[in-house]
Amino acid sequence: MVNNMPEKRKPKKPVNRKIKYCKINDCDVIDKESLRKFRKKRVHWFKWLYNDLNSIENQIVSLVWDYGIFLVVNELRRLAEDNPKSGIGFNSDIIDFFDRSFVTMQTVGIRRIIDKSSLNEKKNKENEKRAVISLPKIIQDISNHIDLITRENYICYNGLPYELTPESDDLNKLLHNERHKNFDLLAATEPGMRSRGEFIKVDILYKFKKEIDKCENVKTIVDKFIAHAAAPETIKLLSAEEKSVTLAQLKSYHIIIYQVARFISYNILSEAIGGLPVPQYNLLENLDKKWGDKEDLEQAQEKWDEFGEEIRGWQFSSH
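Take the sequence shown: its position 63, counted from the start at 1, is 88 in the working numbering, and no numbers get skipped.
Written out as structure tokens, the structure is:
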């Protein structure tokens, strides 16, 4: 991939989150072996959600950052059309390239984060090469290990007592009450019916699978028009929604993805998840400047002409 963007111009990636556990014997948990397995799996989910280059958080940040950049440029374009001013304009070919690139990056990015391709593959070295990080993958893995998410593991995994004591400080009281309330939601349990060994309801994870399924049109668009060139007989079978995507649709997919990721992050892992980064520089820098003067444009034209000449040289020589 060609990437000449200066480092300070890139959206800042979330800092890796460190996990530091207290000793298992210091945790108010009866089933220590279950807690050990839960902690190990929790580290795994942490990596998928936050601590990997391709983490869900990084994927979301990339999607919303690029969407925001598009909105900025699109607003400038709208203003130029509604209120034309001398010296302000947009090159139609550049804007067309910008639009197509935006749609490609957004749809491929959404397609990637909702990918289900490796869900039912058996674990072996060959399939590990195709392993992906996606929301359906995390949801399935949580579902497969739902027996580890017991109330006592959820509350006490890092030293918090299962029951408050008179000596508990305000922070412990706050965390204790919040975690129990969150688990009540996950387990569909009334406060008076709480028990150490109860699990979260798998139904809540099925609900998120259905939400993600609402983004499936993106998969069709990518598969038929971006990753592959669909034949006419295939295209005519597609619905209007499967042939194009609007800004409003992209935003609706962002909302679904963010809400599902946030629920898993906050309600299951007790962590916040990032959204749109705050630029650590002037985001609009140089947008008030032209791209080049007359001499620069002449050189740019020469570059175009050179490329055209090069392509003409690609033809097979006649013998």
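Yeah, the Cβ is synthetic: ideal placement off N, Cα and C, and Gly gets one too.
Ser-168: member of the alpha helix (DSSP H) spanning 160-169, first to last residue.
Distance check between Met-130 and each of Ala-286, Pro-216, Lys-244, Thr-259 places Lys-244 closest, using alpha-carbon atoms only. Beta-bridge partners of Phe-224 (DSSP): Thr-175. Across the set Asn-99, Gly-184, Gln-84, the C-alpha of Gly-184 shows the shortest separation from the C-alpha of Cys-47. Judged by their CB atoms, Glu-188 and Asp-51 are not nearer to each other than the 9 Å cut-off. Following the DSSP letters along the chain, one finds Ser-59 inside the alpha helix (DSSP H) bounded by residues 57-74. The beta carbon of Phe-63 sits closer than 6 Å to the beta carbons of Leu-173, Asn-178 from its chain, once the five residues preceding and following it are set aside; these are given in chain order.
Between the region 67-80 and the region 103-115 there are fewer than three inter-stretch CB-CB distances shorter than 8 Å, so the stretches are not counted as touching. DSSP, read as helix, strand or coil, puts Val-243 in helix. Two segments are said to touch when three or more pairs of C-beta atoms, one from each, lie closer than 8 Å; by this definition the region 126-145 touches the region 154-163. Using a Cβ distance threshold of 9 Å, Tyr-283 and Ile-85 count as a contacting pair. Rounded to the nearest angstrom, the gap between the Cα atoms of Ile-180 and Phe-233 is 23 Å. With contact defined as three or more Cβ pairs closer than 8 Å, the region 303-322 and the region 267-276 are not in contact. Asp-209 and Ile-298 have their C-alpha atoms some 22 Å from each other. If you look at Arg-337, you'll find it in the alpha helix (DSSP H) that goes 319-337.
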